[in-house]
Each structure stands twice: as C-alpha cells, then as structure tokens.
Amino acid sequence: MDVLLELDKKDSNYFSDFLLNDSFEAGILKLSPGQKDIQGPHSADEIYFVIEGNGFIKILQKDYKIKKGSCIFVPSNTKHHFHGNECDLVVLYVFNVSGQ
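Here the numbering used here is used: the first residue of the sequence shown is 1, the next is one more, and so on.
Below is the structure:
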C-alpha cells in the first residue's frame, strides 16, 4: 500500500488515479483536516474503502460516520462529500466506468 500513498503525495490534487481503463477508474483520495472535499456527483457508481483516518461522508443530506475499514457505496449521480476528519483521511475509490 505504501506505493499507492507515494503516488498520492506527488499529485497536487487531494486525489490521485492509479488505474484508468475501459472498465474501471481507481485511486487514492487524501484529505487533510480542514481541507474541503469539493467533488461533485459522478456519472458512475462508486465504492470507497477507508484505509486510514476517520470522519464523515455526507450522502445526499445524511451524514455517515466512517473509520478505517469502512466500505461505502455511492450510486451514480448522488451528491456526496467527505468532511469532519481530525487527522488525514486516506480513502481508496473505485468507479465502474464501463457503464457510462
């Protein structure tokens, strides 16, 4: 996993793709405390897996507590964002892009 986190450190964004092909897009999202997650809804279903940290994910208007080991499914075109983390939040994300 350290190789993936090193990829993230080289990117100026808070997210970094490490796989993009005709079927999937996958990467690492790293959010520092106080940093805003400005992502919008995606046109594909998405799965998140929390590698490190804790906080919340707001899906539509509801907050869900997340921590290391949490797995979250967000349907396509659903407004969502991470927030409330008091330490670095590191999350693996995977999109199914083949259905777009």
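Ideal Cβ positions, reconstructed from N, Cα and C, are used throughout, including at glycine.
Any non-hydrogen atom of the ligand NAD within 6 angstroms of residue i CB
i: GLN61; result: Here there are no bound small molecules, and the ligand NAD is not part of this structure.
Closest Cα partner of residue i within the set the options
i: ASP37; options: LEU89, PHE95, VAL94; result: LEU89
i: GLN35; options: GLY69, PHE15, PRO41, GLY27; result: PHE15
i: ASN96; options: HIS81, SER76, CYS87; result: SER76
i: SER23; options: ASN13, LYS68, ALA44, LEU31; result: ALA44
i: LYS67; options: LYS58, GLY53, LEU60; result: GLY53
Secondary structure of residue i, DSSP reduced to three states
i: TYR14; result: coil
i: HIS83; result: strand
i: VAL91; result: strand
i: ASN96; result: strand
i: GLY55; result: strand
i: ILE28; result: strand
i: ASP63; result: strand
C-beta atoms of residue i and residue j nearer than 7 angstroms
i: ASP63; j: PHE73; result: no
i: VAL94; j: SER70; result: no
i: LYS65; j: HIS81; result: no
i: ASN85; j: LEU31; result: yes
Straight-line Cα distance separating residue j from residue i
i: LEU20; j: VAL91; result: 17 angstroms
i: SER98; j: TYR48; result: 18 angstroms
i: THR78; j: HIS42; result: 7 angstroms
i: GLU25; j: GLN39; result: 15 angstroms
i: HIS83; j: GLU46; result: 18 angstroms
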